[in-house]
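Colleague: Sharing a structure here in structure tokens format.
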Amino acid sequence: MNISLLYHAFGLREQRCHSISYESNRIILNIQTREEKLRCSNCNSKHVIRSGYTERCFRCVPIGSKPVLLKTKVQRLYCKECKSHRQEHLHFVTGKRSYSNKFARFVVELSRIGTLKDVSSFLHISWDTVKDIEKRYLKRHYSNPDISKVKCIGIDEFAVAKGHIYKTIVVDLDTGLVIYIGQGKGADSLDKFWEKVSKKGVKIESVATDLSAAFISSVLSNAPNATLVFDHFHVVKLMNDAIDQIRRDVYRQEKDLNKRKVLKGTRWLLLRNGKDIFDANFRTRLDNALKLNEPLAQAYYLKESLKEIWMQVNKQEAETVMDDWIKQAKESKVPRLVKFAATLTAHKFGILAWYDHHISTGKVEGINNKIKTMKRQAYGYRDQEFFDLKILALHDKNYAFAG
Ligand SMILES: [Zn+2]
294 MNISLLYHAF
304 GLREQRCHSI
314 SYESNRIILN
324 IQTREEKLRC
334 SNCNSKHVIR
344 SGYTERCFRC
354 VPIGSKPVLL
364 KTKVQRLYCK
374 ECKSHRQEHL
384 HFVTGKRSYS
394 NKFARFVVEL
404 SRIGTLKDVS
414 SFLHISWDTV
424 KDIEKRYLKR
434 HYSNPDISKV
444 KCIGIDEFAV
454 AKGHIYKTIV
464 VDLDTGLVIY
474 IGQGKGADSL
484 DKFWEKVSKK
494 GVKIESVATD
504 LSAAFISSVL
514 SNAPNATLVF
524 DHFHVVKLMN
534 DAIDQIRRDV
544 YRQEKDLNKR
554 KVLKGTRWLL
564 LRNGKDIFDA
574 NFRTRLDNAL
584 KLNEPLAQAY
594 YLKESLKEIW
604 MQVNKQEAET
614 VMDDWIKQAK
624 ESKVPRLVKF
634 AATLTAHKFG
644 ILAWYDHHIS
654 TGKVEGINNK
664 IKTMKRQAYG
674 YRDQEFFDLK
684 ILALHDKNYA
694 FAG
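For the record, in the sequence shown the residue sitting at position 69 is 362 according to our numbering, with numbers rising by one throughout.
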């Protein structure tokens, strides 16, 4: 076979192919290192004498759908310069692996468009081999993200499995890259991240988180100079949870069956943005439910006005709006609203800090959604290290591939 074809198709620079054989659907290229390329693997000298060999086979990229094997005699060489006996170095494989480097790269390329199972059945190799190849690649390229230029970060947790196993991720809000994955969702899940930040002397300017006490204390003690911003959607979500609870309470307490009927199925109407409900029928249903019950109506109007906090021209005005909102919620005397008002008061500094840094954890949520899709595709990823690496590489679906 032509030497340049050997190089371009199979990545072989120093070999020649002296024959091709076919064995049960596989193509076998019988190759040999060219005489002039034999060198001592210790001192790189050309002055070597052959002293035996072992025969080996390596998987290589397929031709069409047919697997290709490279069969070669691996020479044992005696070096006249350094007087050592060594096996020749094969440039196209790494370590003791049974497949060529080119094959490994091909597996990685395929892994981008198919699942591990797809790739393993397409190439007729084991699932574990595909995973090992991909894992090794991911480790080399993504295990240690560069955080030296990071300024704004978003922190959020996500559930790995239904059994309440969580991971915490940190995202660079400027680039959208995942820069850290911690185990659990407690304050200690971020310890290694802060270690890295201090080791690299990174100056974090702002941090977006939800209202998790663990994250807050972790940020305050490890990045005391950073502006902590509480994510605005998380605050709105807490309010939505409160209104949903109130609706349940009201429904449970209502004995009148007709009134219960009015309340039934209003959940999504209550949670929706009031301005977006155009359908007259839906409007009437919502109005009827609100007329029926005072606490529910109060909660609903407070929910609708909560977003005003983030719609002011400056921080001062926002503070006035927020104080007013808290006052109204307290005066409602609805226990869940009073409780929510207390939560807002406790987190006021970080909610208003949005006016200093317009950041949110929105990008982190986007990544969480991608992780969910990935989990569905790959049966949950039992290998946690592999799973973490996949997350770190998430942004790079189209990583440029050389060779
Ligand atoms: Zn030598």
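Just so you know, even glycine gets a beta-carbon here, dropped at the ideal spot from N, CA and C.
1) Please classify Arg332: does DSSP put it in a helix, a strand, or coil?
2) Specify which residues have a beta carbon nearer than 6 Å to any heavy atom of ligand 1, listing them in chain order.
3) Exposed or buried, Gly304, counting other C-beta atoms within 10 Å across all chains shown (16 or more means buried)?
4) Ignore the nearest five residues each way along the sequence and tell me which others in Asp569's own chain have a CB closer than 7 Å to its CB.
5) Using the rule of at least 16 other Cβ atoms within 10 Å of the residue's Cβ for burial, across every protein chain shown, is Lys492 buried or exposed?
6) What's the call for Val463, buried or exposed, on a 16-neighbour Cβ count within 10 Å?
7) Is Lys496 helix, strand or coil when you go by DSSP?
8) What are the complete beta strand (DSSP E) segments, minimum 3 residues, inside the segment 320–400?
9) Counting only the same chain and skipping the five closest in sequence on each side, list residues whose C-beta sits under 6 Å from that of Leu564.
10) Let me know if Leu370 comes out buried or exposed under the rule of 16 or more other beta-carbons within 10 Å of its beta-carbon.
11) So, helix, strand or coil for Gly643, using DSSP?
12) Run the CB neighbour count on Gln308, radius 10 Å, all protein chains shown included, and call it buried at 16 or more, exposed below.
13) Between which two residues does the alpha helix (DSSP H) holding Lys620 run?
14) Ends of the alpha helix (DSSP H) at Lys444?
15) Take Lys428 and list the residues in its own chain whose beta-carbon comes closer than 6 Å to its own, dropping the five residues that flank it on each side.
16) Are any of the Cβ atoms in chain C nearer than 8 Å to that of Thr577?
17) State buried or exposed for Leu550, treating a residue as buried only when at least 16 other CB atoms are found within 10 Å of its CB.
18) Considering only the alpha carbon of each residue, which of Phe415, Leu645, Ile324 lies closest to Ser358?
19) Excluding the five sequence neighbours on either side, which residues of its own chain have a C-beta within less than 6 Å of the C-beta of Leu483, listed in chain order?
20) Comparing C-alpha positions only, which one of Leu298, Ala519, Ile458, Ile426 sits nearest to Ala501?
21) I'd like the span of the alpha helix (DSSP H) that includes Tyr300, first residue to last.
22) So what does Arg309 bridge to, in DSSP terms?
23) How about Ser338 and Cys310: are their beta carbons less than 8 Å apart?
Modeller: According to the structure shown:
1) coil
2) Cys333, Asn335, Cys336, Ser338, Cys372, Glu374, Cys375, Ser377
3) buried
4) none
5) exposed
6) buried
7) coil
8) 341–356, 359–372, 378–380
9) Asn533
10) buried
11) helix
12) buried
13) 608–624
14) That residue, Lys444, is in no alpha helix (DSSP H); it is neither H nor E in DSSP.
15) Phe679
16) The structure shown contains no chain C, having only a single protein chain.
17) exposed
18) Phe415
19) Gly475, Ser511
20) Ala519
21) 296–303
22) Gln325
23) no
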